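Here the structure is laid out as structure tokens; the discussion comes afterwards.
Numbering (our numbering), first residue to last: 13 to 387.
What follows is the structure, given as structure tokens:
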């Protein structure tokens, strides 16, 4: 089986290249946008190709001779959506049999309702733009499949962690910088999946029968909380979870000035204001700024001494939703159709992740040991 991996220099893509190649699961062809992106993969003797994920003809040439294409391209909304048709059509032109697309469990939201599974309806009107983009990506791919010949399998992993992962490195960095926090003491469920477990699911998805046009939720075997997820990293860096502040997400309502700014920036307001001379508009803007400007202190009063306060971490909407999740997403469908079974335990995944932190130069303590009663 010859597999082309698009986005082979990214976190998921590069580990997929490594595991497929080192385990002898497939003949791998990494595809990246620029030659500099091959630096990490250059230690392997592989048939690497250069092609932009938005360029259908370049992709078709890169895919020639491959049986499977794995789409692991990350990026902004334009990149995510803009790469779909070129990838699918190029795969079709090159005679590829199947496309495996890396979607996300976040298509169900950061805190999915109990009972959610692959058959649950998806919404592209969620408060997190990334979720909406991925929902639209799945919908576009299914439309392409309706008129195309390349089989389509979509994977929906949750929090993908491990060496080089954002979730591993950013929490360690935030801890050291004093910016780390938990929401509701980290009691919410973390739908984690260790990177090697995800790559194994990708491998299975590339060859399983009866998987065409299907989406699969995949995760780790263990049900863990966010405190379980963060505790090993904190301990490895010499911290206790009790040292990490627990915060709540509070959406700050816009001020009166902000609301006025929003109204003035609207299309109807701009059209109306364009009827007036520019100097009048500038004068109105200056008056607005003066109205909300903080007045200078009176020369007849002395400022009240204030104790210095340390800035408190502020939870983002995404993290607040994630850490308030009360439901572990099921992977029963992946187990049944793909034959998926996590190959790395959460405990071992934590040990490997911390080993990478030490390798990457984070100040881990030598005596770190994962408490078995914390899983």
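Just so it is clear, CB atoms sit at the ideal spot from N, CA and C, and this is done for glycine as well.
Computed from a predicted model, the values in this text were never measured in an experiment.
1. Taking 6 Å as the limit between beta carbons, can you name the residues of its chain near residue 369, skipping five residues before and five after?
2. In this structure, does DSSP put residue 339 in helix, strand or coil?
3. Tell me whether residue 247 is buried or exposed, calling it buried when 16 or more other Cβ atoms sit within 10 Å of its Cβ.
4. Taking the C-alpha atoms as reference points, what is the distance between residue 355 and residue 212?
5. Would the stretch 52 to 63 count as touching the stretch 112 to 126 if we require 3 or more Cβ pairs under 8 Å?
6. Label residue 320 either buried or exposed according to how many other C-beta atoms from any shown protein chain fall within 10 Å of its C-beta, with 16 as the threshold for buried.
7. Measure the beta-carbon distance from residue 335 to residue 187 and round it to whole angstroms, keeping in mind my assumption that it falls under 8 Å.
8. Assign residue 113 to buried or exposed, taking buried as 16 or more other Cβ atoms, counted over all protein chains shown, within 10 Å of its Cβ.
9. Between 348, 374, 340, 359, which has its C-alpha nearest residue 169's C-alpha?
10. Rounded to the nearest angstrom, what separates residue 274 and residue 89 at their Cα positions?
11. Quick check on DSSP: helix, strand or coil for residue 437?
12. Of the residues 254, 332, 234, 325, which one's Cα is nearest the Cα of residue 362?
13. Based on the DSSP secondary-structure assignment, which residues constitute the bridge partners of residue 165?
14. Give me, in chain order, the residues of the same chain whose beta-carbon lies closer than 8 Å to that of residue 38; leave out the 5 immediate sequence neighbours on both sides.
15. In angstroms with no decimal places, state the Cα-to-Cα distance between residue 127 and residue 330.
16. Following the continuous alpha helix (DSSP H) through residue 98, name the residue where it begins and the one where it ends.
17. Taking the DSSP output, what are the residues bridged to residue 39?
18. For residue 146, which residues of its own chain have a beta-carbon under 6 Å away from its beta-carbon, when the five flanking residues on both sides are left out?
19. How is the alpha helix (DSSP H) around residue 83 delimited, first residue to last?
20. Please name the residue in 133, 136, 101 whose C-alpha comes closest to that of residue 161.
21. Tell me the rounded alpha-carbon separation between residue 210 and residue 189.
22. Whole angstroms are fine: how far does the CA of residue 192 sit from the CA of residue 172?
23. Which residue from 103, 364, 152, 45 puts its Cα closest to that of residue 78?
24. Who are the Cβ neighbours of residue 148 in its own chain at under 7 Å, not counting the five residues just before and after it?
25. Where do the N-terminal and C-terminal ends of the alpha helix (DSSP H) with residue 147 fall, by residue?
26. Measure the Cβ-Cβ separation of residue 237 and residue 327 and say whether it is below 8 Å.
27. Checking contacts by CB at 8 Å: is residue 197 closer than that to chain C?
28. Taking three-plus beta-carbon pairs below 8 Å as touching, is the stretch 49 to 56 in contact with the stretch 21 to 32?
29. I'd like to check one pair, residue 72 with residue 43: are the Cβ atoms closer than 8 Å?
30. Could you name the residues of the same chain whose beta carbon sits closer than 8 Å to that of residue 258, not counting the 5 residues immediately before and after it, in chain order?
31. Check whether the Cβ of residue 249 sits closer than 7 Å to any heavy atom of the ligand SAM, and report yes or no.
On the basis of the data shown:
1. 184, 376
2. coil
3. buried
4. 8 Å
5. no
6. With a pLDDT of 44 at residue 320, under the threshold of 50, the modelled position of that residue is not reliable, and the figure given next carries that caveat. Label assigned to residue 320: exposed.
7. About 16 Å separates the two Cβ atoms, so there is no contact after all.
8. buried
9. 340
10. With a pLDDT of only 49 at residue 274, under 50, the local geometry of the prediction cannot be trusted, and the value read off the model is given with reservation. Distance between the alpha carbons of residue 274 and residue 89 is about 24 Å.
11. Past the boundaries of the shown model lies residue 437; the chain is included only from 13 to 387, so the question cannot be answered.
12. 234
13. 112, 226
14. 13, 14, 15, 32, 80, 215, 218
15. 21 Å
16. 96 to 105
17. 14
18. 115, 116, 119
19. Looking at the DSSP string, residue 83 is not in any alpha helix (DSSP H); the run it does join, the beta strand (DSSP E), is 80 to 83.
20. 101
21. 30 Å
22. 19 Å
23. 103
24. 93, 136
25. 141 to 159
26. no
27. Protein chains in the displayed structure number just one, and chain C is not present.
28. yes
29. no
30. 193, 194, 195, 196, 197, 198
31. For the structure depicted, the ligand SAM is absent and the ligand set is empty, with no information on it obtainable.
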